[in-house]
Amino acid sequence: MRRSAMNAVVLIVATLVCVVPAGAQVPEQSLDLTQWRGQVVLVDFWASWCGPCRQSFPWMSGMRAQYGERGLVVVAVNLDEDAKAADEFLAGIQADFVHVRDPEGRFARAYGISVMPSSILFDRAGRPVYRHEGFHPDKTGEYERHILKLLEGRGPEAALAVVPAAPKRVGVRPWERGLLADPAMRLVCDALEIELDDHIYFSKEASSGGRGFGGGGCGCN
7 MRRSAMNAVV LIVATLVCVV PAGAQVPEQS LDLTQWRGQV VLVDFWASWC
57 GPCRQSFPWM SGMRAQYGER GLVVVAVNLD EDAKAADEFL AGIQADFVHV
107 RDPEGRFARA YGISVMPSSI LFDRAGRPVY RHEGFHPDKT GEYERHILKL
157 LEGRGPEAAL AVVPAAPKRV GVRPWERGLL ADPAMRLVCD ALEIELDDHI
207 YFSKEASSGG RGFGGGGCGC N
């Protein structure tokens with residue numbers, strides 16, 4: 007691992023000294039992995055507006071239930087600026103993890119997160135060794151194999167290269183894209199106009215096949 011990347015990880019690891027149980031809320035700007043040294047740690051970066059996150063949480067919960075006694079710890083790092091949105095997300099989903107707030111994206115930047123959700127697996131020595139970008143249900147077997155390898159001490163010899171993200175210059179970071187989901191960000195905001203456009207351009211009788219598979223034109227499809 008390059009020195010700059012190692013320094014970034016050390017800076018994060020040194021920010022908290024208290025031990026917290028699974029399912030607990032820990033203070034913002036706190037992400038300490040040294041307290042779980044000797045265990046396998048899955049650090050998952052998520053946001054309430056992220057659709058795939060709703061798929062990944064049940065899977066992570068299942069992994070923790072299956073492998074928690076063997077040493078798997080799940081740390082969920084939330085990147086919502088609005089804490090209420092995160093709480094509403096968690097209220098309807100099983101998430102007996104350690105929870106960390108990162109509304110300014112400090113930890114996400116330090117770990118070079120570019121896709122939501124993203125997770126990093128740390129081995130029992132505390133080294134980052136696997137990165138999973140996005141959540142793909144068809145790859146859960148691969149994700150689980152990575153966890154098992156680390157639990158059995160068969161992980162990669164080389165640590166993962168963690169490159170901190172460059173300072174923000176323009177645009178939005180992946181964890182800020184919830185802003186784009188705000189109705190106020192739509193090019194067309196009037197509900198009646200949106201409904202009319204959908205009928206004109208995307209209905210079965212329209213000239214465009216639109217978003218579905220029904221085709222267009224005559225409506226016979």
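All the letters of the sequence shown, read from the start, carry residue numbers 7 to 227 under the numbering used here.
Where a beta carbon is used, it is the ideal one built from N, C-alpha and C, also for glycine.
With distances taken Cα to Cα, identify the nearest neighbour of residue i among the options.
i, options, result
"Phe103", "Lys90, Leu127, Gln45 and Val83", "Val83"
"Trp55", "Arg130, Ala92 and Leu157", "Ala92"
"Pro180", "Glu87, Arg43 and Lys145", "Glu87"
"Arg76", "Glu201, Gly57, Val47 and Leu202", "Val47"
"Val81", "Pro162, Ser62 and Gly159", "Ser62"
"Pro4", "Phe128, Pro170, Gly98 and Glu182", "Outside the displayed range of the chain (7 to 227) lies residue 4, so it cannot be described from this structure."
"Pro58", "His105, Tyr73, Gly74 and Asp144", "Asp144"
Are the beta-carbon atoms of residue i and residue j separated by less than 8 Å?
i, j, result
"Pro123", "Asp38", "no"
"Trp42", "Thr146", "no"
"Ala53", "Leu85", "yes"
"Ala89", "Arg107", "yes"
"Gly132", "Val168", "no"
Between residue i and residue j, how many whole angstroms is the CB-CB distance? I'm expecting something under 8 Å.
i, j, result
"Glu148", "Met69", "Contact doesn't hold; Cβ gap of about 13 Å is too wide."
"Ser67", "Gln100", "5 Å"
"Val121", "Ala165", "Not quite, the Cβ-Cβ distance comes to about 20 Å (not below 8 Å), so this is no contact."
"Leu156", "Arg115", "No, Leu156 and Arg115 are not in contact; Cβ-Cβ is about 25 Å, not under 8 Å."
"Ile126", "Leu78", "So it is not a contact: roughly 14 Å between Cβ atoms."
So with Cβ pairs under 8 Å, would you call residue i a contact of chain D?
i, result
"Phe63", "Absent here is chain D; the protein component of the structure consists of one chain."
Does the contact criterion of 3 or more C-beta pairs under 8 Å hold for the region 138-148 versus the region 109-117? The answer is no - the region 109-117 does not touch the region 138-148, with fewer than three Cβ pairs under 8 Å.
Entirely enclosed beta strand (DSSP E) segments - the region 76-140, minimum 3 residues: If we require 3 residues or more, the beta strand (DSSP E) runs fully inside the region 76-140 come out as 78-84, 104-107, 124-128 and 134-139.
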